[in-house]
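Below is one structure, written out as structure tokens; the observations come after it.
Residue numbers (the working numbering): 1408 to 1787.
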């Protein structure tokens, strides 16, 4: 029976393969590489060719295992040296990736480009940045397509110029400190005004003029050259400058609403605490009544020793929840406890490495969180 089973002896199985393909003189040449090593080789991180190639062999089709013919190699590359040809294909070829992997890569790069645009732009009406969701929606409206062969920053800069044609958006200014000789002030300011800068402060120390201003990033190189011509010095204080203001309520109605909400919060706390106390008292009465009835049944016609044994046995049956650090009763009560809001709230606190709360503290803490969420919906 074993003679009928034919096992391949010299077969090499290529797994975890990243295929790099190069078309030259109408013919296709492929090499088998390790995943994530091709980009490391092209960026200069990996320098050992053996760590990149799975096999020093040139294929015409890697998936089918068809080797490239020697005459085709000589015709296309002028040599049949496999290592040299593999190096050329690795440097100039196109990396083949699966459909889902390509989709994931494009989605990630799309998000990176949107993040860069968000950091480098502001709304000219409010001097504040757009949200990431707003930027992505604008990108879809201008039918932006990601180019996997270009870096994300360059695509983001091109996208900003395209968005400026259709939407109110501009580059966030740069904040610079310019230090020049005082005698050059008149000539320097005359040229600087052509870029419409926003001068924040101006100080004179000795014979040096120190100026903090905000300019468009597109004028940075010209400004740097102007400062050098004046034999001065330029310092970058902040690249994306956004409007910074404290959140204040300028309308009296907003102040009254905020005060009323805080007052309602305090009233809610006191009411919840009294409600919890009444609930705890009723639970204690119920527990005491159950214990007395059970003790009466157990103590009928028996001594105090039997009664104490029954109480100890009842205490042993108490189930303890380690998350809430409390005894919660028998098996049924233990199961019901896991469905309670008290246990769920303490479970969230445990994930954040916070100590557990009692039922009263838990109820107050949840109400505080709800009120904070409600207050967050207001725009003051």
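Glycine included, each C-beta is placed from N, C-alpha and C at the ideal position.
Along the chain, where does the alpha helix (DSSP H) containing residue 1492 start, and where does it finish? 1489-1499
Rounded to whole angstroms, what's the CA-CA distance from residue 1588 to residue 1633? Just pull it up for me. 13 angstroms
Note down, in chain order, each residue of its chain lying with its Cβ closer than 7 angstroms to the Cβ of residue 1738, except the 5 sequence neighbours on either side. 1726
What is the C-beta distance between residue 1428 and residue 1490, in whole angstroms, given that I count them as a contact (C-beta under 8 angstroms)? That belief does not hold up - the Cβ atoms of residue 1428 and residue 1490 are roughly 18 angstroms apart, past 8 angstroms.
For residue 1728, the three-state DSSP class (helix, strand or coil): strand
Flag this pair as touching only if the segment 1434-1454 and the segment 1464-1478 have three or more C-beta atom pairs under 8 angstroms; answer yes or no. yes
Mapping DSSP to helix, strand and coil, what is residue 1537? coil
Work out the CA separation of residue 1494 and residue 1481 for me, nearest whole Å. 15 angstroms
Quick one: Cα of residue 1590 to Cα of residue 1563, how far? 41 angstroms
With the cut-off set at 7 angstroms, would you say residue 1516 and residue 1553 are in Cβ contact? yes
Environment of residue 1551 [buried if 16+ CB atoms lie within 10 Å]: buried
In three-state terms, what does DSSP make of residue 1528? strand
Count the other C-beta atoms from every protein chain shown that fall within 10 angstroms of the C-beta of residue 1776, then say buried if there are 16 or more, exposed otherwise. exposed
Considering only residues of the same chain and omitting the five flanking positions on each side of residue 1611, which have a CB-CB separation below 8 angstroms? 1589, 1617
Given 8 angstroms as the limit, is there contact between the segment 1464-1473 and the segment 1526-1543, that is, 3 or more CB pairs closer than that? no
By the three-class DSSP mapping on this structure, what secondary structure does residue 1637 have? coil
Would residue 1619 and residue 1578 qualify as a contact pair, given that the criterion is a beta-carbon distance under 7 angstroms? no
Please return the same chain residues whose Cβ sits closer than 8 angstroms to the Cβ of residue 1772, not counting the five positions on each side in sequence. 1752, 1764
Excluding the 5 residues flanking residue 1642 on each side, which residues of the same chain have their C-beta closer than 6 angstroms to its C-beta? 1584
Tell me, to the nearest whole angstrom, how far the beta carbon of residue 1439 is from that of residue 1452; I am working on the premise that it is less than 8 angstroms. The pair is not a contact, with the Cβ atoms about 20 angstroms apart (cut-off 8 angstroms).
Whole-number beta carbon distance between residue 1582 and residue 1644, since they are thought to touch under 8 angstroms: 4 angstroms
Measure the C-alpha to C-alpha separation of residue 1630 and residue 1637 and round it to an integer number of angstroms. 11 angstroms
Rounded to the nearest angstrom, what separates residue 1455 and residue 1447 at their Cα positions? 10 angstroms
Whole angstroms are fine: how far does the CA of residue 1741 sit from the CA of residue 1576? 58 angstroms
Please classify residue 1533: is it buried, with 16 or more other beta-carbons within 10 angstroms of its beta-carbon, or exposed? exposed
Can you tell me which of 1607, 1484, 1546 puts its alpha carbon nearest to the alpha carbon of residue 1522? 1546
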